[in-house]
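These notes are about the structure you will find just below.
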Amino acid sequence: MRRSIATVSVAVLGLALITPGAAHAEPAPPGDSLSPADRASLAAGVGIVPKAPYGAKPKGPNPFLAEVADPAKVDYSGWANYMKTQSKAKAATRTKAKGAQAKAAAATPPVVVDEDELPGTSGGNDIPVNAQRVTGFGTGSGQYSKIRVLGSLDNETVGTPTVAPAPEDDGSITLAGATGIGVGTQRGALISSQIGDGPHGRQTGDGSNDFDFFKITAAAGKVLTVQTATPTGPLDTVLQLFAPDGTLLAVNDDFNGLDSKITFKVPAGGDFYAAVAAYGGLPADPFDSSSGGGIGDPTPPTEGPYTLTATAGGVDEDFFAIKLKAGDIIGASVAGSATYLTVYDTAPREAHGSRQDASFIYPVDSPLPAGGNAVTDYVATKAGWHYVGVASGSGAYGITVEAYRPVLQGAKPVQTLYLDFDGARVNTGVFGGGGNRDLSPLAAFLTSWGLTRADEDALIDAVVDGVSESLKRDLEESGLNSKFKIKIANSKDNADPWGKANVSRVVVGGTIDESGVDTIGIAQSIDPGNFETEETALVLLDVLSSPADSTPASLNTYLEPSSDRLAFVAQALSNVIAHEAGHFFGNFHTDNQDALPNLMDAGGTGFGTLFGVGPDGVGGTADDIDVDFGDSTFLPAEGFTGTEDTLGRIVFTVTS
C-alpha cells in the first residue's frame, strides 16, 4: 500500500545540509566498540574512518549504492568528494555516451532564459509562488526540452569585523564564545582560533578532543552562513549547528578540501550555536566539552589553526517555474556562484535539494546533466507547474535544465526484473569487486536460518510474491500510471532471460568473500528515469544469515521460537531485493530513522525496520509491518534534502 507524509506548506529552499531535527541516537549493536562520540559522528552523517585524500576513491563499496552492514566503515565525505571529481570527468565526455537520448542531449543546444529580477536586487522570485515562469519548456510537440537559465544571486551586504576568540574552555553550548552577531547592529564576524589548544586537546590537554562553540543570534527569515578556512596546518574541520536545546540542525564536512560551510535559514528567531571540531573528533554531547571519543584509531583527529567567518543576513534565492507532464523526467545542474540547487513539486514541496554532484552514479545511458556545483533530478508524478531553485552564492550563475520522457514508453518487450536464486557468475567489477566471480546459490544458506532444502521452493515462492507486491501490485494499485508495466521472473519458474532486451536482474546469493564486495546488497547504478534497462544488483547472504545477535543486519537476530521462520526470511529478503531494484529504477536512500518505514531506507542502522520487524522486536510474528515504497525524507548522511517519492520515481519510468 502507498504511504505518504503530511504535505509541507510553501517554504524556501532547504538550505540546511541535513534535515532539521534531533540527531538520531541509534542503539549500539551487540559487540559494538564505538565510542558515544563516534556514534554521534555517524548519526550526523560524518565518517569516522580515515578519510581518502580529496578526490581519491575511498575503500569499500559506494554507500550511495550499497546496503552496508557497518556504517563505521563508510567514508561518506571521501565518497562525496570522489563522486564530485568523477562527475566532472563524466560531463566532459558526455558526447561519447552510447544512449540515444544522451547523444541527442549533447547535440541539442539549450534555449537561453534570462532572469527577470533586476541585477543587484532580490525578492522578486525568492519563493515558488513568485517564481519566474518559463513558457514553452517541456516534452510536448513544439516545446523545447533544454534551457539555460542565466541569473544572479544578490545577497544583503554584511560586514565581518574581527572578533577575538573566547578563552578556553569554549567546548560546549553552555561555554560558547560570543560572536557579537545579533547584538545591536552587528551581523557578521571573523574569528581566528585553533583546535587543540583547550583543556581537552591532544597536545596540551587530556586528549578527549577539543571543540570550539560560538553563539549567534539571528532573526526569523535571516540566513546563517558559517564557514571555516584552514590557511596553514593539517586541520580538517567539521562544522555543526545546534539549537539551544542541543538539537543538531545542520552539519558539513569538506565544503572545499579541508574547509566546511553551513548555510541555514532561520525558521524562528533566537540563539544558535556553531561548533568547530576536527574530522573524527566530534562531541557526543554538545553540553559537555569533555565528551569527545579520544585521539582516534587508527588516525587521530587533526589539530591546528583556522578562521571562522559567520554572518546572519538576507540571502537571495531564485525560483523558476516550468510546466511538466506526469512522467516527465528532469535533471538540472548549476554552475557559477550558486552551490545549492533544488526542485519543488506542484504542492509546492521540496522534492530533491542538492548541494553536490552525485551524477557519477547515473548509468552511462542516462542523459541527465552532470558536472555542476550541484545536480538534482526529479520524476513528475502530477502535471502542472514545478519549480527549480538556486541559492548559496553571490553573483552570476547558470542553470541547465533538461526534460525527457521514459525510454520504455511504447517499447516492447516491457521491463523484466529477473530474480536469480541459483547462483551466478557475475562481473563484480561494476560494484568495485575483482571481476568475474562465482556466487553460491540461495540453497547454501537455508540451514543458517533454521530452514531445510525442502523449504527452498516455498521460500522462493514467498520471496517472489513479496517482491511482486512491492514492485508490481502496489504500483498498479496506486492508480498513478495506467501504463505502468513490469514482468517479474525468477530462476525457479522461468528460463534465464538475462542478456535480453530490457531485462535487469537481482542475484540473490553469494558472500562478501566470493564477490569481493563488502556489503549486504548493492546496485549497479542509481538511474532516475530508468534510462538503462539492463542492470544488475546483488543481495549477498552471508551477513543476513550470520549467527543471532552478531549484527543487527542478521535475520537471525530477530528470530525467536515463536517466529514463522520461513515467512520472516521471505519478507526480509523480498524487502532487500526490492530496495536494490529500487536503486536501478531511480531511487536514492531514504532516512532509516524517520517516522515512516520505506523500502529505500538505508542500511547501517534500522535493519529491523527494513526487514519488517514489528513493535515486539521479533520477526515472523503477527505485528510485522508491510514496508513499501512511498514518501520519505532523503538520508541526511548523503547530503540531499526534501521528500523523495520512491514509488513515484518507479511507477512513471517503468512503463509501457
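Numbered according to mature numbering (1 follows the signal peptide of the UniProt record, and there is no 0), the sequence shown spans residues -25 to -1, 1 to 631.
By construction, the Cβ of each residue, glycine as well, lies at the ideal position given by its N, Cα and C atoms.
Between residue 446 and residue 117, the alpha-carbon positions lie close to 35 Å from each other.
7 Å or more divides the Cβ of residue 60 from the Cβ of residue 22.
Note on residue 139: under 16 other CB atoms within 10 angstroms of its CB, so exposed under the neighbour-count rule.
With fewer than 16 other Cβ atoms from the protein chains shown falling within 10 Å of its own Cβ, residue 132 counts as exposed.
When the beta-carbon positions are compared, residue 284 and residue 202 come within less than 7 Å of each other. At a Cβ-Cβ threshold of 7 Å, residue 144 and residue 264 count as neighbours.
Cβ-Cβ separation between residue 346 and residue 121: approximately 15 Å, too far for a contact (criterion under 8 Å). Residue 295: member of the beta strand (DSSP E) spanning 293 to 299, first to last residue. Across the set 332, 335, 316 and 174, the C-alpha of 316 shows the shortest separation from the C-alpha of residue 326.
If you draw a straight line from the Cα of residue 615 to the Cα of residue 427, it is about 43 Å long. The secondary-structure analysis by DSSP pairs residue 281 across a beta bridge with 168. In this structure, residue 214 sits near residue 237, with a CB-CB distance shorter than 7 Å. From the listed residues 293, 376, 322 and 58, the smallest Cα separation to residue 33 is found for 58. The criterion of a C-beta distance shorter than 7 Å is not satisfied by residue 479 and residue 451. Contact check for residue 601 against residue 591 fails: the beta carbons are separated by 7 Å or more. The Cβ atoms of residue 244 and residue 195 sit closer than 7 Å to each other. Using a 10 angstroms sphere on the CB of residue 65, the tally of other CB atoms reaches 16 or more, which defines it as buried.
Note on residue 16: 16 or more other CB atoms within 10 angstroms of its CB, so buried under the neighbour-count rule. Where residue 198 is concerned, the enclosing beta strand (DSSP E) starts and stops at 198 to 204. Here DSSP, grouped into helix, strand and coil, assigns residue 237 to strand. Per DSSP, reduced to three states, the secondary structure at residue 390 is strand. Annotated three-state conformation of residue 490 is helix, per DSSP. Going by C-alpha positions, residue 485 is about 21 Å away from residue 585. The C-beta distance from residue 368 to residue 162 rounds to 19 Å, too long to fall under 8 Å, and the pair is not in contact.
Shown here for residue 85: same chain residues with a beta carbon closer than 6 Å to its own, the five before and five after excluded, namely 121, 122 and 123 in chain order. Contact annotation, residue 41 with residue 496: C-beta distance approximately 7 Å; criterion of less than 8 Å satisfied. The stretch 335 to 355 and the stretch 396 to 404 do not touch, with fewer than three beta-carbon pairs separated by less than 8 Å.
For the pair residue 187 and residue 168, the CB atoms are nearer than the 7 Å cut-off. Taking residue 415 as the centre and dropping the five residues before and after it, the same chain places the C-beta of 398, 484 and 485 closer than 6 Å to its C-beta, in chain order.
The residues 167 and 204, in chain order, have a CB closer than 6 Å to that of residue 282 in the same chain once the five nearest residues on each side in sequence are set aside. Annotated three-state conformation of residue 586 is helix, per DSSP. 7 Å or more divides the Cβ of residue 363 from the Cβ of residue 310. In the structure shown, residue 56 falls within a helical segment according to DSSP collapsed to helix, strand and coil.
With respect to residue 561, residue 574 sits apart: the two C-beta atoms are not nearer than 7 Å. Membership of residue 553 in the alpha helix (DSSP H) is indicated by the continuous run 540 to 559. Minimum Cα-Cα distance from residue 390 among the listed residues 396, 437 and 474 corresponds to 474.
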